[in-house]
Amino acid sequence: MGTAPTIAAADITGLVLAGGRGTRMGGVDKGLQLLQGEVLAAHAVRRLRPQVGVVLLNANRNFAAYEALGVPVFADSVPDHPGPLAGMLSGLEHCPTPWLLTVPCDTPRFPPDLAARLAEALAAEGAHARIAMAAAPETEADGRTVLRRQPVFCLLHIELRDSLRRFVEEGGRKVGAWTAQHNALTVPFDRPGDAPDAFFNANTLADLQTLEQP
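Under the UniProt record's numbering, the letters of the sequence shown match residues 1 to 214, in that order.
Here is the structure:
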């Protein structure tokens with residue numbers, strides 16, 4: 001009887017996406033905003049380190065401040081900052097492992113077992129599976145709870161690099177539109193004990209104040 005395939009932490013590079021424009025925060029560099037005395041990107045780097053073999057960071061300004069976090073920093077390789085897909089592409093272009101795990105800089109409480117659970121789902125699906133993304137419960141305005149995909153919390157294989165480059169160069173901007181081309185797995189993070197606010201992100205300064213609450 002064969003052994004089930006696995007994806008080890010050492011086979012995964014973690015990428016913190018901090019290359020956005022911070023538009024909903026008035027244009028500030030979101031990854032450098034303080035949360036409990038530390039910049040948001042530092043929270044993300046620290047949470048990633050135990051889950052992966054290597055950590056990288058994507059940024060498009062304030063490089064020295066990000067390099068001070070002790071991880072390699074890479075800018076978008078395509079012009080005009082077209083969004084998270086450009087950061088993901090930069091990560092794939094510099095990824096030293098077979099797999100890349102992407103997380104945004106503004107969601108500091110993402111699950112401590114994010115990499116393991118996405119990797120487990122991909123390994124269970126078989127060798128053809130190349131992308132898995134998280135999904136988390138959210139409460140709708142009518143009170144219903146629905147599972148909503150979190151497309152930038154994504155584990156993907158480096159062989160998808162050329163596909164992503166073509167998509168971005170042809171004007172593609174939506175993460176979901178690209179991942180749909182590759183039959184991305186959706187991995188629910190709704191087990192008993194999963195933190196309900198694990199995927200709460202600081203889009204605005206008010207959101208950041210919410211995260212400051214104990």
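In this text, a Cβ means the ideal position worked out from N, Cα and C, and glycines have one as well. Everything numeric in this text was worked out from a predicted model, so none of it was measured.
Please state whether DSSP places residue i in a helix, a strand or coil.
i, result
"Gly87", "helix"
"Phe200", "coil"
"residue 250", "The structure shown does not extend to residue 250, since the chain spans only 1 to 214, so no value can be given for it."
"Leu114", "helix"
"Glu38", "strand"
"Leu69", "coil"
"Thr6", "coil"
"Met1", "Because Met1 sits at a pLDDT of 41, beneath the cut-off of 50, its placement in the model cannot be relied upon, and the point is left open."
"Val78", "coil"
"Val28", "coil"
"Thr186", "strand"
Using CA atoms only, rank isn't needed, just tell me which of the options is closest to residue i.
i, options, result
"Ala132", "Thr139, Arg149 and Gly143", "Arg149"
"Gly172", "Gly14, Val54 and Val78", "Val78"
"Ala64", "Ala75, Arg49 and Pro96", "Ala75"
"Glu119", "Arg165, Leu185, Pro196 and Leu32", "Checking the sequence, you will find Ala at residue 119 rather than Glu. Minimum Cα distance to Ala119 is reached at Leu185."
"Phe200", "Val103, Ile158 and Gly70", "Val103"
"Leu17", "Arg144, Arg61, Ala135 and Thr145", "Arg61"
"Arg49", "Arg117, Asp113 and Ala195", "Asp113"
"Gly31", "Val168, Ala9 and Leu69", "Leu69"
"Val187", "Ala116, Glu67 and Glu169", "Ala116"
"Phe154", "Ala135, Ala141, Glu169 and Leu147", "It is Cys, not Phe, that sits at residue 154 in the sequence shown. Nearest of Ala135, Ala141, Glu169 and Leu147 to Cys154, Cα basis: Ala135."
Taking all protein chains shown into account, do 16 or more other C-beta atoms lie within 10 angstroms of the C-beta of residue i, making it buried, or fewer, making it exposed?
i, result
"Gly19", "buried"
"Ala202", "buried"
"Gly176", "exposed"
Taking DSSP's pairing of strands, which residues face residue i in a bridge?
i, result
"Thr13", "Val54 and Leu100"
"Arg149", "Ala135"
"Cys95", "BP columns for Cys95 are empty, so no partner."
"His43", "Its beta-bridge partners do not exist; DSSP assigns none."
"Ala18", "Ala59"
"Cys154", "Thr102 and Met133"
Taking only beta-carbon atoms, is residue i less than 7 angstroms away from chain B?
i, result
"Met88", "Absent from the structure: chain B. Only one protein chain is present."
At least three beta-carbon pairs within less than 8 angstroms, the region 122 to 130 to the region 26 to 40: no
Sufficient close CB pairs (3 or more, under 8 angstroms) joining the region 145 to 160 to the region 98 to 117: yes
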